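So the sequence shown is numbered by the working numbering: it starts at 10 and just counts up by one.
Quick reminder that beta carbons are idealized off the backbone N, C-alpha and C, glycines included.
Please read all numbers here as calculations on a predicted model, not as lab measurements.
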Amino acid sequence: MSDSRTHPLNLLVRKLDQWNPLSDDDCNAVRALPFTRRQLKAGEHVVWDGDRPQNACLILSGFAYRYKVAGNGGRQIMSIHMKGDIVDLQNSLLGVADHNVQMLSAGHIALIPVEAVRDIAFSRPAVGMGMWYETLVEGSIFREWILNIGRRNAIVRVGHLLCEFAMRMEASELGKQTEYELPITQEQLADAVALTSVHVNRTLMKLEELGYISRTRRRITINDWHKMAVLADFQPRYLHLRMDARN
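Structural data, given as structure tokens:
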């Protein structure tokens, strides 16, 4: 058996334990879940809208995003997922996917059969509670994204998403709160904030011109976190991270 510290499903243990403390037996039961490890290229789909997924997906490395496509062909990115995120727990119960999940970058995923997810959620209440927390936090993030694209102007929308990335990247040990590698292109960022890629480019240039951020290719540096958070109307409560007590 793999060392628990290096076991692929230890990312799932960490995520669930963050929301609801797990016993040693619970942690071992999570690590004992059956799974298939897959390596995916950027652009490959994890889930297609209308599918009946047989697995829940844990991101082991790389980035993925959820999206839907309107009747006119327009794409709306609904959320970004990174290392340690559990994608589509909902399919363990709902059965039919109502959106797409696609890899933003190359990465590894662990596919856990939905039957095993259901079994452990109901047989081990602490694990089930952690999964419930995870879906509730996803709902909280969705609400914030709706507010972002519905009621904020361009510079606030983009700034808010950059702040969210900053905190989530640090929580996932993929960057620092004030400096990280932006995992998406300007076109993809545009689809996440419901703007054109030209408008996003101008907005990023404006944020840089005003001194809120510095950029080197995709590396983002937030020069003054407090000022950026005020500009971006960013209150991290909706992320429900234990680290958000700082703000």
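*How would you call residue 198, buried or exposed, if buried means at least 16 neighbouring beta carbons within 10 angstroms?*
As a working mapping, residue 198 is identified with position 189 in the sequence shown. When all chains shown are included, residue 198 counts as buried.
*Limits of the unbroken alpha helix (DSSP H) element including residue 24*: Within the sequence shown, numbered from 1, the residue matching residue 24 stands at position 15. 19–28 is the extent of the alpha helix (DSSP H) around residue 24.
*Between the Cα of residue 34 and the Cα atoms of 177, 133, 75, 208, which residue gives the shortest distance?*
Counting from one through the sequence shown, the residue named residue 34 turns up at place 25. Residue nearest to residue 34 within the set 177, 133, 75, 208 is 133 (criterion: CA-CA distance).
*Rounded to a whole number of angstroms, what is the C-alpha to C-alpha distance between residue 179 and residue 186?*
On the sequence shown, residue 179 is found 170 positions in, with the first residue counted as 1. On the sequence shown, residue 186 is found 177 positions in, with the first residue counted as 1. Cα to Cα, residue 179 sits roughly 6 angstroms from residue 186.
_Does residue 46 come out as helix, strand or coil in the three-state DSSP assignment?_
Translated into positions along the sequence shown, residue 46 becomes position 37. Here residue 46 sits in strand by DSSP.
*With DSSP as the reference, please indicate the residues paired to residue 122 in a beta bridge.*
Counting from one through the sequence shown, the residue named residue 122 turns up at place 113. DSSP, once it has assigned bridges, lists 64 as partnering residue 122.
*asked:* By the three-class DSSP mapping on this structure, what secondary structure does residue 190 have?
replied: Here residue 190 is taken as the residue at index 181 of the sequence shown, counted from 1. Strand, per DSSP.
*Simplified DSSP assignment, three categories, for residue 208*: One-based indexing of the sequence shown puts residue 208 at position 199. Helix, per DSSP.
*asked:* Considering Cα atoms alone, identify which of 83, 78, 17 is closest to residue 95.
replied: Locating residue 95 in the sequence shown gives position 86, where the first residue counts as 1. For residue 95, the nearest C-alpha among the options comes from 17.
*asked:* To the nearest angstrom, how far is the alpha carbon of residue 77 from that of residue 227?
replied: Position 68 of the sequence shown, counting from 1, holds the residue named residue 77. Position 218 of the sequence shown, counting from 1, holds the residue named residue 227. The straight-line gap from Cα to Cα measures roughly 25 angstroms.
*Look up residue 101 in the DSSP assignment and say whether it is helix, strand or coil.*
Position 92 of the sequence shown, counted from the first residue, corresponds to residue 101. Here DSSP, grouped into helix, strand and coil, assigns residue 101 to helix.
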